[in-house]
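Sequential numbering from 25 applies to the sequence shown in the working numbering.
Inspection log for the structure reproduced underneath, given as structure tokens.
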Amino acid sequence: MNSSDYWAIAEADIDIQNPVTDRKLRLLDDFCDIRDGLRVLDVGCGKAWVMRQWAERFTIDGTGLETNPKFIEAAKRKPPASGKLQFIEGPAEKFRPEPASYDVVLCLGAAFTLGGFVQAIEWMTAAAKPGGAVVIGDLTLKHRPAVNTHQHLPLDAIEMLGVVQRHGAEVSALISASEADFERYASHHRHATLRWARENPGHADHDAVLDKSNADWGYYLRTIRPLMGWTVYVGRKTDQ
Ligand SMILES: C[S@@+](CC[C@H](N)C(=O)[O-])C[C@H]1O[C@@H](n2cnc3c(N)ncnc32)[C@H](O)[C@@H]1O
25 MNSSDYWAIA EADIDIQNPV TDRKLRLLDD FCDIRDGLRV LDVGCGKAWV MRQWAERFTI
85 DGTGLETNPK FIEAAKRKPP ASGKLQFIEG PAEKFRPEPA SYDVVLCLGA AFTLGGFVQA
145 IEWMTAAAKP GGAVVIGDLT LKHRPAVNTH QHLPLDAIEM LGVVQRHGAE VSALISASEA
205 DFERYASHHR HATLRWAREN PGHADHDAVL DKSNADWGYY LRTIRPLMGW TVYVGRKTDQ
């Protein structure tokens, strides 16, 4: 089964493809000083909810980098009232942004596309104008396991904030998903994949979708729910 097809099934019911709610993400309007005329780059934009709601209200010029054609199709479904958006289908790591040319560089839940959190921050700060906003959201460690489970675990939010600061952006704001927010996000995936499996019993991907759904749900229940959170770091590129 193709991973893009799986995620199109799992995220069929949601427009925001990370654990943070729409209400919390609207704080980015203020934290990024969103206004007319800004150039925005969104790495792994998915259905591009954040850029779309900005382009609805402001004359931004936004570019989304995304590999999943179904998400790009969803992002393009309703042209925005004010701004203009373009989507580049393909791996974000192949896109070469003009250095220091974007007012806002976003990457929500897609740092892995640029090789990981540190590499993503470096790539994003290089693309941002001096003083531009660099916004990255990712998993964080909230509680260390009582015994060493030898699992790969993310850094905690304070350590991640330090990484952002050491790689060229001063962090001015944090936005975190609550446990309930994360539960809702994981439950949307579980609900949509089980529904799809019920509705498509003879589909060639039926068993593979259920296998991945079971594995992801188990990982959420046993590892993410007790140990992890999800935080967006909003920084300003510091070098002038
Ligand atoms: C967790 S989702 C986040 C989507 C969106 N940023 C949001 O928060 O709503 C990660 C996104 O990265 C996309 N993606 C995966 N690999 C990619 C790559 N190599 N280049 C660009 N996008 C990629 C996925 O298709 C998916 O839409």
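Just so you know, even glycine gets a beta-carbon here, dropped at the ideal spot from N, CA and C.
These figures come from a predicted structure and were not determined experimentally.
For the putative contact between residue i and residue j, defined by C-beta atoms under 8 angstroms, what is the C-beta separation to the nearest angstrom?
i, j, result
"V67", "A134", "5 angstroms"
"T137", "A116", "4 angstroms"
"V233", "I33", "6 angstroms"
"S106", "A79", "6 angstroms"
"R260", "A144", "Rounded, the Cβ-Cβ distance is 16 angstroms, inconsistent with contact."
"P10", "W254", "Limits of the chain in this structure are 25 at one end and 264 at the other, which puts residue 10 out of reach."
"R59", "F82", "6 angstroms"
"A109", "R76", "The amino acid occupying residue 109 in the given sequence is Leu; Ala does not appear at that position. Correct: roughly 7 angstroms between the Cβ atoms."
Could you give the residue range of the alpha helix (DSSP H) that holds residue i?
i, result
"Q110", "Note, Q110: premise wrong, no alpha helix (DSSP H); beta strand (DSSP E) at 108-113."
"S27", "27-34"
"V233", "230-243"
"L177", "Looking at the DSSP string, L177 is not in any alpha helix (DSSP H), and its letter there is neither H nor E."
"A170", "Careful: A170 lies outside any alpha helix (DSSP H) and carries neither H nor E."
"R47", "46-49"
"S196", "Note, S196: premise wrong, no alpha helix (DSSP H); beta strand (DSSP E) at 193-200."
"T262", "Where T262 is concerned, there is no enclosing alpha helix (DSSP H), given that its DSSP letter is neither H nor E."
Report yes if the C-beta of residue i is less than 7 angstroms from at least one heavy atom of ligand 1; otherwise report no.
i, result
"F141", "no"
"A98", "no"
"K71", "yes"
"Q110", "no"
"T173", "no"
"L52", "no"
"I40", "yes"
"L65", "no"
"T45", "no"
"N92", "yes"
"L185", "no"
"S28", "yes"
"E117", "yes"
"T262", "no"
"W31", "yes"
"T137", "yes"
"G68", "yes"
"F55", "no"
"F95", "yes"
"L179", "no"
"L132", "yes"
"L62", "no"
List the endpoints of the continuous beta strand (DSSP E) containing residue i.
i, result
"D162", "152-165"
"G186", "Per DSSP, G186 belongs to no beta strand (DSSP E); it is in the alpha helix (DSSP H), 181-190."
"L62", "Element bounds for L62: n/a, residue is neither H nor E."
By how many angstroms is the C-alpha of residue j removed from the C-alpha of residue i?
i, j, result
"M148", "N238", "34 angstroms"
"S28", "I84", "28 angstroms"
"M252", "L179", "10 angstroms"
"K94", "S202", "28 angstroms"
"R120", "A151", "9 angstroms"
"D57", "R63", "12 angstroms"
"P103", "L52", "21 angstroms"
"E146", "D162", "15 angstroms"
At 4 residues or longer, and completely inside the segment 76-148: list those alpha helix (DSSP H) runs for me, N to C. Entirely contained in the segment 76-148, the alpha helix (DSSP H) runs reaching 4 residues are, in chain order, 93-100.
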